[in-house]
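For the sequence shown, my numbering begins at 10 and goes up steadily by one. For each residue, glycine too, the CB sits at the ideal point set by N, CA and C. Computed from a predicted structure; not experimentally measured.
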Amino acid sequence: MRLPFMLICTIGLAAGSAPADQTLRVDLISSYDGEETWSLLHIPDAYTPGVPAPLVISCHGMGGSATDALNGVAPHSGPRGWILAAPHTHGERSGGETSLGARAAQHDLLDLIQYCLDHYDIDTDRIYLTGGSMGGLQTTLSAAKYPDLFAAAWEWMGPADLEVIWYELDGSLLFQQLADDAVVECGGEPTEMPFEYRRRSSVEYAMNLRTVPFKIGHGRTDILVYPHHARDLDAAIRSWDPLHYDGVFWHWGSHWVLPRQAERTMAWFEDKRLLPSPDFLQLTVDEDLRYHYLDIAPREPDARFARLQSELLPATNTWDLKIRGAARAGLYLADSSLNPGADLALSVLRLDAIDLELIGLEGNVGAVLRNGSPFYDYEIDGSRLLIHAPGTGRVAETYAVSLVP
């Protein structure tokens, strides 16, 4: 059920914007944990109700706020007639200034996008995402976990590995407080909460970015987030043969001195449009989420990732799935390239018992075969078929689902 949102007030004008531009504050209720959050919107004078406008999401850095994220981008999004939205994200154990890519912060971003969709005419083929430092981490994690939402994402100087940067900051004369803040937000040091640091690390989700128009920006003289973080994320993404990755933009600035960051980012977004859902997906999953036409639930969401490779084969109406660490994998047929009204096949390689769900069947299930033999451990609920795939260890199997009118 969609949670209510409330528009609070007009608070002024974004720096560098036209006089008729509006900056609005909205208070939201988090769909993740029910916490009250706030965000800022910049509505350009050129926006016309009834005419869909692109939407840019700008994520703030550590110690920053939605105000910083908005004011840095508005002078370059506003003249283009693009709506700009900046969430003041909240963490799971701390405030918004130190949310560090928390799932709570990721849902703040989703809630803000939903608010914009509900209240403005948004071109859903042109939703863009950017941010710097902690906002760069938020950008990468969100683009990787919601690849069917964003037309493009450009992250600037974000840490690629939260555990690695914690050790780089711990004991630092300049940045010890940042390491201490990470301990509070993550619930402990990396040795105490290893998965919490891993699930907030961009490199863990590099395979998800294979199909996303994505770019990295980093300064060669950065003394806070060392340049190797950009190189590490770049190498991780390239290892998955990305289709639309645009590499690293290197500059001679530091973590705080950036060459026309927002201007370059908006210009790069100009020709990007949301891409069709690909038939071949490789995903790392840390919570129950929908990815394009898939719905994946990890088996142990607080301890380990689910990882999978999924391919749709329309010629044979087959779903080919290789998966580990998941309790459930669902396929929304209406959003896929398979025919929901014809017999279907599932080819599965897995390491755990799993529920396999076909959603949106157009016909009644006549029979289910597993490896050629009748199989009865399944449930039907309207147009949904839920197969309880048994056994653990390395299991290779095929399911044939026949439909009758």
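A straight line joining the alpha-carbon of Met-71 with that of His-51 spans about 21 Å. Counted as a single uninterrupted DSSP element, the stretch harbouring Asn-217 is not any alpha helix (DSSP H), since DSSP gives it neither H nor E. At a Cβ-Cβ threshold of 8 Å, Ala-162 and Leu-138 count as neighbours. Relative to the Cα of Lys-154, the nearest Cα in the group Glu-213, Val-193, Asp-364, Gly-381 belongs to Glu-213. Contact between Ala-343 and Leu-330 is absent: CB atoms are separated by about 18 Å, not below the 8 Å threshold. Per DSSP, the unbroken alpha helix (DSSP H) holding Asp-77 starts and ends at 75-86. Contact annotation, Val-374 with Leu-412: C-beta distance approximately 6 Å; criterion of less than 8 Å satisfied. Pairing Tyr-302 with Gly-369, the inter-Cα distance amounts to about 11 Å.
DSSP places Val-173 within a helical segment (H, G or I) once states are collapsed to three.
Taking 8 Å as the cut-off, the beta carbon of Leu-183 is found no closer than this to the beta carbon of Ile-136.
Contiguous beta strand (DSSP E) elements confined to the stretch 148-205 occur at 161-165, taking only those with 3 or more residues. DSSP places Arg-240 in the helix class (H, G or I) of the three-state scheme. Comparing C-alpha distances from Thr-133 to each of Leu-158, Leu-118, Ala-114, Asp-120 shows the shortest one belongs to Leu-158. Taken through DSSP and simplified to helix, strand or coil, Leu-252 comes out as coil. Distance from the Cα of Ala-55 is smallest, within the candidate group Glu-45, Ala-29, Ser-40, Glu-44, for Ala-29. Under the three-state reduction of DSSP, Ser-411 is assigned to strand. In the displayed model, Ile-122 falls within a helix according to three-state DSSP. For secondary structure counted as the beta strand (DSSP E) over 3 or more consecutive residues, the stretch 347-405 holds these complete runs in sequence order: 353-359, 363-368, 373-379, 387-390, 393-398. In the three-state scheme derived from DSSP, where H, G and I count as helix and E and B as strand, His-51 is classed as strand. Nearest Cα to Arg-219 within the set Ser-356, Pro-251, Arg-207: Pro-251. Pairing Ala-113 with Asp-189 gives a Cβ-Cβ distance that is not under 8 Å. Taking all protein chains shown into account, Tyr-176 has fewer than 16 neighbouring C-beta atoms within 10 Å of its C-beta and is therefore exposed.
Looking at the DSSP output, Glu-45 bridges to Ile-38. Comparing alpha-carbon positions, the option among Leu-355, Glu-44, Val-193, Trp-265 lying closest to Pro-323 turns out to be Leu-355.
Proximity of the stretch 264-283 to the stretch 226-236 meets the contact definition, three or more beta-carbon pairs being nearer than 8 Å.
One thing to note: Arg-359 has its Cβ no nearer than 8 Å to the Cβ of Ile-396.
The three-state secondary structure of Arg-112, taken from DSSP, is helix.
Contact between the stretch 98-115 and the stretch 185-203 is present: three or more C-beta pairs spanning the two stretches fall below 8 Å.
For Tyr-124, the number of other beta carbons within 10 angstroms of its own is at least 16, and it is reported as buried. Apart from the 5 residues on each side of it in sequence, Ser-345 sits with its Cβ closer than 6 Å to the Cβ of Tyr-302, Leu-321 in its chain, given in chain order. Residues Pro-222 of the same chain have their beta carbon placed closer than 6 Å to that of His-253, with the five preceding and five following residues left out of the count.
Sorting Pro-414, Thr-274, Phe-258, Tyr-385 by C-alpha distance to the C-alpha of Pro-84 places Thr-274 at the top. Nearest to Trp-165 by C-alpha distance, out of Ser-67, Pro-383, Leu-93, is Ser-67. Residue pairing from DSSP places Lys-331 in a beta bridge opposite Gln-318, Leu-358.
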